[in-house]
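Undergrad:
Shown next as structure tokens:
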């Protein structure tokens, strides 16, 4: 391999290759040391980016994050380490919604298993978990094909040359299933009358078109009439669940809109859908960030809460992007993953056969998957009743979102780095708030949920192709009124230039002579500079502030006199040219 080829295969080297044997040997040693993890002395400069979190710009209120225990759930109840798994899936993920299957009439053990899950969730969370019950399909006796599986539709008859679908029987089945759940102490918060009504599956399924379709090739019941029938019966109950629907397969091709436009929207609490089409790709294949369907769906009846109730198929990074797009572009209030537990490496937690320890992949018989950590970046730090708030945009590679609690004392910041090669450093600015505590977590191709203390250097290092979360504890700083009161002796506090790389001039006017001090704080509230300016007379003053060793980023400065009156300002330090 000649020197030219060596440079081609290792382009990060910042040295210019020459054709001497000694220099080539040196470069080879650098490459070897680098591959072994040793420092080569050729550090790559990483630019610091400032992102401002705007607490005054608010969007949707969050309902929560959830997942399903609808299949293989008997493996979980039989697992000898199920209590450990319960701790992981409920407490560690801080799960808000548990989606289960309405199997009344053909799997009579299902309600007992759901009761176990609800009890376990209550123990782990310290409060009841919200239950979403969805029908994958009614019993075979209510289906046109006399099977629980393979599609079919609601059973119908032909009376006087007219097709009559038995919506009443379907509604009664739902009502009886809720009787069964209630008798076992389970009162679902949400129900979905039919999972993926637009898909004929080889497993339990039941086709429902937006409205009745009767022609030479199809005789299919209408989702709108099925909803009306179930709603009319269930709404008479003492405990009435919220209706979500139509839970169609995806958000592309206008499918969701077609279903919603055909029904009485007042009967739905939330618009529910999945993400199996229109969401995984857009103008770029395999890149959810390039799909316009999220925003299109988000703009469709934005006055009604949107629930993403099932997804599990793409790679881990695409899932991170799809969660972001659902929350930010669609402004959905809830995101539910599909399989909370599954087998053969699937699900958020993959479990091994509880009846065959010899087949276990480890001593525990379960493991957290990569998808677990991606989901945790959102679910563990964004909670019900929190609101999404604004963040500034830096570039197209960094996608950020922020959420804040009702009490404004806790917040979370999520940022995804789309770049395959670039690392970024991010400094957060939250006007009117001080960051009291902050821990950051990062998941990338080779690391899962690596944690660091953000306040240690007030910088979030964002690796290439990663999802990152900062868990924040906040306190409110002085309001504008309080600052005005404290600024009685200080007028026209400013500095120029700002941003600056070497020095800036701090300008202010004193109403009376006083001893003045200058303090500079990082955004974590730590004092990094203190300087006594001495006794200054009344009038205008210009003080040169040199950057010295301050890292790039946002800082606050405070001018204070001997009686505690002060003036405030901001300093933005940028990289030296």
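In my numbering, the protein residues as written are 2 to 578. Virtual Cβ for every residue (Gly too), placed ideally from N, Cα, C. Keep in mind the model is a prediction, meaning the values are calculated, not measured.
#1: Can you list, in chain order, the residues of its chain whose CB lies under 6 Å from that of residue 59, leaving out five sequence neighbours each side?
#2: Within its chain, find whatever has a CB closer than 6 Å to the CB of residue 332; leave out the 5 residues flanking it on each side and keep chain order.
#3: Three-state secondary structure (DSSP) at residue 73?
#4: For residue 141, which residues in the same chain have their Cβ closer than 8 Å to its Cβ, ignoring the five residues on either side in sequence?
#5: Kindly list the residues whose CB is nearer than 6 Å to the CB of residue 431, restricted to its own chain and excluding five residues on each side of it in sequence; keep chain order.
#6: Please classify residue 43: is it buried, with 16 or more other beta-carbons within 10 angstroms of its beta-carbon, or exposed?
#7: Short check: CB of residue 68 to CB of residue 337, under 8 Å?
#8: Can you give me the C-alpha to C-alpha distance between residue 598 and residue 568, rounded to a whole angstrom?
#9: Leaving out five residues before and five after residue 478 in sequence, what residues of the same chain have Cβ atoms less than 7 Å from its Cβ?
#10: What residue ranges within the stretch 197–238 form continuous alpha helix (DSSP H) runs of no fewer than 4 residues, ordered along the chain?
#11: Tell me the rounded alpha-carbon separation between residue 227 and residue 406.
#12: Look at the alpha carbon of residue 355 and the alpha carbon of residue 102, and state the distance between them as a whole number of angstroms.
#13: Determine the burial state of residue 133: buried for a count of at least 16 other Cβ atoms within 10 Å of its Cβ, exposed for fewer.
#14: Between residue 550 and the ligand ADP, is there a pair consisting of the residue's CB and a ligand heavy atom that are separated by less than 7 Å?
#15: Please report the Cβ distance between residue 86 and residue 80, rounded to the nearest whole angstrom; I am assuming they are in contact, meaning their Cβ atoms lie under 8 Å.
#16: Does the stretch 161–175 come close enough to the stretch 119–126 to have 3 or more Cβ pairs within less than 8 Å?
#17: In the DSSP output, which residue or residues are listed as bridge partners for residue 124?
#18: Can you tell me where the beta strand (DSSP E) holding residue 327 begins and where it ends?
#19: Are there three or more Cβ pairs, one per stretch, closer than 8 Å when the stretch 151–165 is compared with the stretch 214–224?
#20: From the DSSP output, read off the bridge partner residues of residue 570.
#21: Answer yes or no: do residue 248 and residue 196 have a C-beta to C-beta separation smaller than 8 Å?
#22: Expressed to the nearest angstrom, what Euclidean distance is found between the alpha-carbon atoms of residue 566 and residue 559?
#23: Give every residue of the same chain whose Cβ lies closer than 8 Å to the Cβ of residue 535, excluding the five residues on either side of it in the sequence, and list them in chain order.
#24: Measure the CB-CB distance between residue 246 and residue 273 and report whether it falls below 8 Å.
#25: Return the first residue and the last residue of the alpha helix (DSSP H) that residue 477 is part of.
#26: Measuring only the C-alpha atoms, how far is residue 126 from residue 117?
#27: Cutting at 8 Å between CB atoms, please list the residues of its own chain near residue 503, excluding the five before and the five after it.
#28: Going by beta-carbon coordinates alone, are residue 243 and residue 270 separated by less than 8 Å?
#29: Considering Cα atoms alone, identify which of 418, 423, 188, 326 is closest to residue 241.
#30: Can you find the residues in the same chain that come closer than 7 Å, C-beta to C-beta, to residue 553, ignoring five residues on each side of it along the sequence?
#31: May I ask you to list the residues that DSSP assigns as paired with residue 388?
#32: Taking 6 Å as the limit between beta carbons, can you name the residues of its chain near residue 544, skipping five residues before and five after?
#33: Quick one: grab the DSSP three-state call for residue 289.
#34: Taking contact to mean 3 or more Cβ pairs, one atom from each stretch, closer than 8 Å, check whether the stretch 455–464 and the stretch 409–425 are in contact.
#35: From what residue to what residue does the alpha helix (DSSP H) around residue 375 run?
#36: Report buried or exposed for residue 308, applying the criterion of at least 16 other Cβ atoms within 10 angstroms of its Cβ.
TA: So, to answer that:
#1: For the purposes of this step, residue 59 is taken as the residue at position 58 of the chain shown. 388, 390, listed in sequence order.
#2: As a first step, residue 332 is located in the chain shown; it is residue number 331 there, counting from the start. The answer, listed in chain order, is 60, 61, 299.
#3: Counting from 1 along the chain shown, the entry for residue 73 is found at position 72. Reduced to three states, the DSSP call for residue 73 is coil.
#4: One-based indexing of the chain shown puts residue 141 at position 140. Taken in chain order, the residues that qualify are 107, 147, 148, 149.
#5: Here residue 431 is taken as the residue at index 430 of the chain shown, counted from 1. Taken in chain order, the residues that qualify are 54.
#6: Here residue 43 refers to the residue found at position 42 when the chain shown is read from its first residue. Its pLDDT being 43, under 50, residue 43 is placed unreliably by the model, and nothing is read from it.
#7: In the chain shown, the residue the question calls residue 68 occupies position 67. In the chain shown, the residue the question calls residue 337 occupies position 336. Their beta carbons are under 8 Å apart, which means residue 68 touches residue 337 by this criterion.
#8: Since the first and last residues shown for the chain are 2 and 578, residue 598 lies out of range.
#9: Start at 1 with the first residue of the chain shown, and residue 478 comes out as number 477. Taken in chain order, the residues that qualify are 433, 434, 435.
#10: Inside the stretch 197–238, DSSP marks whole alpha helix (DSSP H) runs of 4 or more residues at positions 224–235, from first to last along the chain.
#11: Walking along the chain shown from the start, residue 227 turns up at place 226. Walking along the chain shown from the start, residue 406 turns up at place 405. Their Cα atoms are separated by approximately 38 Å.
#12: Within the chain shown, the letter at position 354 stands for residue 355. Within the chain shown, the letter at position 101 stands for residue 102. The straight-line gap from Cα to Cα measures roughly 22 Å.
#13: The residue given as residue 133 occupies position 132 in the chain shown. Classification of residue 133: buried, given that the 10 Å Cβ count is 16 or more.
#14: Among the ligands in the structure shown, none appear at all, so the ligand ADP cannot be discussed.
#15: Reading the chain shown from its first residue, position 85 is the one you call residue 86. Reading the chain shown from its first residue, position 79 is the one you call residue 80. Confirmed, about 6 Å.
#16: no
#17: Walking along the chain shown from the start, residue 124 turns up at place 123. Its beta-bridge partners do not exist; DSSP assigns none.
#18: Taking the chain shown and counting its residues from 1, the one referred to as residue 327 is at position 326. Segment 317–329 is the alpha helix (DSSP H) holding residue 327; no beta strand (DSSP E) there.
#19: yes
#20: Working through the chain shown from its first residue, we reach residue 570 at position 569. The partner list for residue 570 (beta bridge, DSSP) reads 558.
#21: Position 247 of the chain shown, counting from 1, holds the residue named residue 248. Position 195 of the chain shown, counting from 1, holds the residue named residue 196. Yes.
#22: For the purposes of this step, residue 566 is taken as the residue at position 565 of the chain shown. For the purposes of this step, residue 559 is taken as the residue at position 558 of the chain shown. If you take the alpha carbons of residue 566 and residue 559, they lie about 10 Å apart.
#23: Sequence index remark: in the chain shown, residue 535 carries index 534 (1-based). For residue 535, where only same-chain residues beyond five positions count, the Cβ hits under 8 Å are 516, 517.
#24: Within the chain shown, residue 246 is the residue found at index 245, counting from 1. Within the chain shown, residue 273 is the residue found at index 272, counting from 1. Contact flag set, yes.
#25: Reading the chain shown from its first residue, position 476 is the one you call residue 477. Unbroken run through residue 477 is the beta strand (DSSP E), 467–477; no alpha helix (DSSP H).
#26: In the chain shown, the residue the question calls residue 126 occupies position 125. In the chain shown, the residue the question calls residue 117 occupies position 116. Looking at the two C-alpha atoms, the distance is approximately 14 Å.
#27: Walking along the chain shown from the start, residue 503 turns up at place 502. So the list reads 547, 548, 577, once near-sequence residues are dropped.
#28: Here residue 243 corresponds to residue number 242 of the chain shown, with the count starting at 1. Here residue 270 corresponds to residue number 269 of the chain shown, with the count starting at 1. Yes. Within cutoff.
#29: Here the question's residue 241 lines up with position 240 in the chain shown. Nearest to residue 241 by alpha-carbon distance, out of 418, 423, 188, 326, is 188.
#30: Residue 553 sits at position 552 when you count from the first residue of the chain shown. Hits under 7 Å: 49, 574, 575, 576.
#31: Here residue 388 refers to the residue found at position 387 when the chain shown is read from its first residue. Its beta-bridge partners are 62, 405.
#32: Against the chain shown, residue 544 aligns to sequence position 543. Same-chain partners within the cutoff: 507.
#33: Position 288 of the chain shown, counted from the first residue, corresponds to residue 289. It is helical.
#34: yes
#35: Counting from one through the chain shown, the residue named residue 375 turns up at place 374. 371–380 is the extent of the alpha helix (DSSP H) around residue 375.
#36: Start at 1 with the first residue of the chain shown, and residue 308 comes out as number 307. When all chains shown are included, residue 308 counts as buried.
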